[in-house]
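Beneath this line is the structure, given in structure tokens, with notes to follow.
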Amino acid sequence: MTSPIETLRRGFGGDIIEPGDAEYDAVGRSKLAAGSPAYVLRPASTDDVRAAVRFAAGSGLTLSVRGGGHSFAGFGTNDGGVVIDLSRLATVEVVDHERHLVRIGGGAHWGQVAEALAPHGLAISAGDTRSVGVGGLTLSGGIGWKVRRYGLALDTVVAADIVTADGELVTASAEENPDLFWAIRGGGGNFGAVTSFEFEAHPTTEVVFGKVTFPQAEAVDVLQGWAEYLRTAPEEVTSIANLANPLAGGPEAPVEIHVAFDGDDPEAAARALAPIRALGTVLDDDVAPHAYADILVEGGSPPPGIEVLAHDGFVERESVAEVLQILAEVGTSPGSPSIAIRSVGGAVARVPGDATAYAHRQAELMVATLVGGPVHVVEAARARLDAIWEKLGPHISGAYANFLTTATDDDVAAVYPTATYERLAAVKRRYDPHNLFAHNHNVRPR
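FYI, the numbering for the sequence shown is 621 to 1066, going by this note's numbering.
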């Protein structure tokens, strides 16, 4: 009798990589997590993806779908299972110049997208890291340097082609399979392997981008003034406040206010950013015009033996002052994790809360903490991190899936409020009744 893997080999046009193969060590792990899968399948076509999904379903093994492989929780790999690596499906094509419609393969990276669209004068609101995959970021949100003006990455998706658990290719859009279209915009990888997305891009120019730093001692006033200004700032302004940058002194580091003004008018940018420069004593200011593609940072992989622990939560208006007070105290104290506070609101908040499976539309801020280092360092920091988040807990609403290193039931409940989860579970039952796509912040079929 022919084995399932031999059956797959007969018609598979991509790569089948197993332990012992020359490429295995490089592709067995994802960017942020070690793994030892039994098979890494790298499809070269949509038909290959269909075959790979059917093989995984028939094998009974854990299935991981990898876009860019940057999942903090390690969803892009596993031990002893099947990984479908979409990296060969990475085309970027402008399919309608008048409507600015762009079709992007499920294995493309955001840096590649930004560079491919630049000659057309187009861009898509995405994340802030070049090597992050289009699929993983988009399916759970997409918070980056254009978020306040153009919304989340998922807000610009108009259609997607998805291989579901039965190996069939379906299109999800407002007209076709609208329940699935709703679910994939925030529901993560729960519903299938997305082979391509169609986005509505926007005309773009250079952006005015950089960092303004202030003394650590002014953290409270700078953060409070920063958050208050963002309520009335032009939506062209998106900003991130960083505390305890480990590369700049940890808790002794200055307060970093990173800004992006989405436009190339220097006078408009100067007016919009003047209130930020007036928040305190400016130590450094490197804000200048840049091509949008150039402001995306490179994403690396930690060396062997280094682990990362990340957690996050959203902050709505009534809790902003209290949260920033807590973070200013934590971020300037010994043992602080790295803290990033991201501005949202703007275009994100104008989308109705039930329009997509991303449910945290009314948040003004998203807070994320990160600790990285050898295992013993991360473990030693865990108790302090738990204490920080316990203190923040009464003031935090929900969580953003893309910045979590865990996927507990509590995490899933934070990512998906009850009404959202119940609706997702009903869609899951239709498209993945046996929960093949479970290696994620998992929604179980109702």
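Ideal Cβ positions, reconstructed from N, Cα and C, are used throughout, including at glycine.
Nothing here was measured: the structure is a model prediction, and the numbers come from that model.
Query raised in the report: Of all the beta strand (DSSP E) runs that stay within the bounds of the stretch 642-673, which reach a length of 3 or more residues?
Result: Taking only runs of at least 3 residues, the beta strand (DSSP E) segments lying wholly in the stretch 642-673 are 659-662.
Requested in this report: Can you check the stretch 765-824 for any beta strand (DSSP E) of at least 3 residues that lies completely inside it and give the ranges in chain order?
Outcome: Runs found: 777-783, 789-793, 813-820.
Query raised in the report: Can you tell which of 1004, 896, 844, 835 has its C-alpha closest to the C-alpha of residue 868?
Result: Ranking the options by Cα distance to residue 868, first place goes to 835.
Query - Residue from 948, 967, 985, 950 whose Cα sits closest to the Cα of residue 938 - result: When each option's Cα is compared against that of residue 938, the closest is 985.
Query raised in the report: Taking the runs of the alpha helix (DSSP H) that are 4 residues or longer, which of them lie wholly in the stretch 830-898?
Result: Entirely contained in the stretch 830-898, the alpha helix (DSSP H) runs reaching 4 residues are, in chain order, 839-850, 886-897.
Requested in this report: Report, in whole angstroms, the separation of the C-beta atoms of residue 755 and residue 712, which I expect to be a contact under 8 Å.
Outcome: The pair is not a contact, with the Cβ atoms about 13 Å apart (cut-off 8 Å).
**Report entry** In chain order, each alpha helix (DSSP H) run of at least 4 residues that lies wholly inside the stretch 711-753
**Finding:** Whole alpha helix (DSSP H) segments, 4+ residues: 730-737.
**Report entry** Straight-line gap, residue 1062 to residue 675 (C-alpha atoms, nearest Å)
**Finding:** Taking the straight line joining both Cα atoms gives about 21 Å.
Requested in this report: Kindly identify the DSSP beta-bridge partner or partners of residue 931.
Outcome: Under DSSP, residue 931 forms a beta bridge with 989.
Query raised in the report: Hey, is residue 1048's beta-carbon within less than 8 Å of any beta-carbon in chain B?
Result: Here chain B cannot be found, since the structure has a single protein chain.
Query - Nearest-angstrom beta carbon gap, residue 803 and residue 677 [assumed within contact, 8 Å] - result: The Cβ separation is near 19 Å, so there is no contact.
Query - Spatial neighbours of residue 888 in its chain, beta-carbon cut-off 7 Å, leaving aside the 5 residues before and after - result: Here the set comprises nothing.
Report task. Taking 8 Å as the cut-off, decide whether the C-beta atoms of residue 917 and residue 749 are in contact. Result -> Cβ atoms of residue 917 and residue 749: closer than 8 Å.
Query - Which listed residue (790, 929, 936, 874) has its alpha carbon closest to that of residue 851 - result: Closest option to residue 851, judged by alpha-carbon separation, among 790, 929, 936, 874: 936.
Query raised in the report: According to the Cβ coordinates, are residue 771 and residue 975 closer than 8 Å?
Result: With contacts defined as CB atoms closer than 8 Å, residue 771 and residue 975 fail to qualify as a contacting pair.
**Report entry** Strand pairing of residue 910, partner residues [DSSP]
**Finding:** Answer by DSSP bridge pairing, in chain order: 827.
Query raised in the report: Mind checking residue 920: buried by the 16 CB within 10 Å criterion, or exposed?
Result: When all chains shown are included, residue 920 counts as exposed.
Report task. Would you mind stating whether residue 864 and residue 963 have Cβ atoms separated by less than 8 Å? Result -> For residue 864 and residue 963, no; Cβs fall outside 8 Å.
Requested in this report: Please list, in chain order, all residues of the same chain as residue 801 whose beta carbon is under 7 Å from its beta carbon, the five residues on each side excluded.
Outcome: So the list reads 792, 793, 794, once near-sequence residues are dropped.
Query raised in the report: If you compare alpha carbons, which of 908, 972, 894 is closest to residue 902?
Result: When only C-alpha atoms are compared, the closest one is 894.
Query raised in the report: How about residue 874 and residue 833: are their beta carbons less than 8 Å apart?
Result: In contact: residue 874 and residue 833 (Cβ atoms closer than 8 Å).
Query raised in the report: Residues in its own chain within less than 7 Å of residue 692 by CB, not counting five upstream and five downstream?
Result: Cβ neighbours of residue 692 beyond the five flanking positions: 652, 928, 930, 1023, 1024, 1025.
Query raised in the report: On the premise that residue 943 lies in contact with residue 1015, defined as a C-beta separation below 8 Å, what is that separation, rounded to the nearest angstrom?
Result: Confirmed, Cβ separation roughly 5 Å.
**Report entry** Anticipated Cβ contact below 8 Å, residue 647 with residue 637, distance rounded
**Finding:** About 6 Å separates the two Cβ atoms, so the contact holds.
**Report entry** Residues sharing a beta bridge with residue 961, DSSP
**Finding:** Residue 961 pairs with 861, 987.
Query raised in the report: Just curious, the beta strand (DSSP E) that residue 704 is in, first and last residue?
Result: Segment 702-705, the beta strand (DSSP E) holding residue 704.
Query raised in the report: To which residues of the same chain is residue 849 closer than 7 Å at the C-beta, ignoring the five residues directly before and after it?
Result: Excluding sequence neighbours, residue 849 sits near 895, 896.
**Report entry** Cβ shell of residue 669 (< 6 Å), same chain only, five flanking positions each side left out
**Finding:** Excluding sequence positions up to five before and after residue 669, its CB lies within less than 6 Å of the CB of 663, 783, 813, 815, all in the same chain and listed in chain order.
**Report entry** Bridge partners - residue 994, DSSP secondary structure assignment
**Finding:** Per DSSP, the beta-bridge partners of residue 994 are 926.
Query raised in the report: Exposed or buried, which one is residue 898 when buried takes at least 16 other CB atoms within 10 Å?
Result: Residue 898 should be labelled exposed.
Query - Distance CB(residue 879)-CB(residue 808) smaller than 8 Å - result: Judged by their CB atoms, residue 879 and residue 808 are not nearer to each other than the 8 Å cut-off.
Query raised in the report: At which residues does the alpha helix (DSSP H) containing residue 946 begin and terminate?
Result: Counted as a single uninterrupted DSSP element, the alpha helix (DSSP H) harbouring residue 946 occupies residues 940-951.
Query raised in the report: How is the beta strand (DSSP E) around residue 709 delimited, first residue to last?
Result: For residue 709, no beta strand (DSSP E) segment is defined, and its DSSP state is neither H nor E.
Query raised in the report: Would you say residue 818 and residue 723 are within 8 Å of each other, going by their C-beta atoms?
Result: In contact: residue 818 and residue 723 (Cβ atoms closer than 8 Å).
Report task. Spatial neighbours of residue 922 within its chain, please: CB distance less than 6 Å, with the 5 preceding and 5 following residues excluded, ordered by chain position. Result -> The same chain holds no residue with a CB closer than 6 Å to that of residue 922 once the five nearest residues on each side in sequence are set aside.
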